[in-house]
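What follows is one structure encoded as structure tokens, with my remarks underneath.
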Amino acid sequence: MITRNPLNVTSRLLKSCILKTVIVLSTLLLLSACGGSSSESEPYTQPVTVEPLVPAPEAPVPETPVPEAPVP
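Going by this note's numbering, the residue at position 45 of the sequence shown is 46; the numbering climbs one at a time, nothing skipped.
Following this line, the structure appears as structure tokens:
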């Protein structure tokens, strides 16, 4: 009876997964290096506008006189 070594099976699956990952990444790298399709290489992003940080002018706080309590 032939039994499979679970470590060997795991190693084979890991190698297969790594190989697929390398192929996909190298294909993406080649497409981006060669220009490829603009929709594939660069996802659409909205332009970001940056406003300068200017402190808001503080409105002068009117001083309200504190009413004096009548002395009994």
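Glycine is no exception: its CB is placed at the ideal position from the N, C-alpha and C atoms. Treat the numbers as computed from the prediction; the structure is a model and nothing was measured.
Determine the burial state of residue i: buried for a count of at least 16 other Cβ atoms within 10 Å of its Cβ, exposed for fewer.
i     : result
Ser42 : Note that Ser42 has pLDDT 48, beneath the 50 cutoff, so the model's placement of it is unreliable and no number is given.
Val10 : exposed
Sorted by chain position, which residues of the same chain lie with C-beta nearer than 7 angstroms to residue i's C-beta, five sequence neighbours on each side aside?
i     : result
Val30 : It is worth fixing the name first, because residue 30 is Leu in this sequence and not Val. Nothing listed; no residue qualifies.
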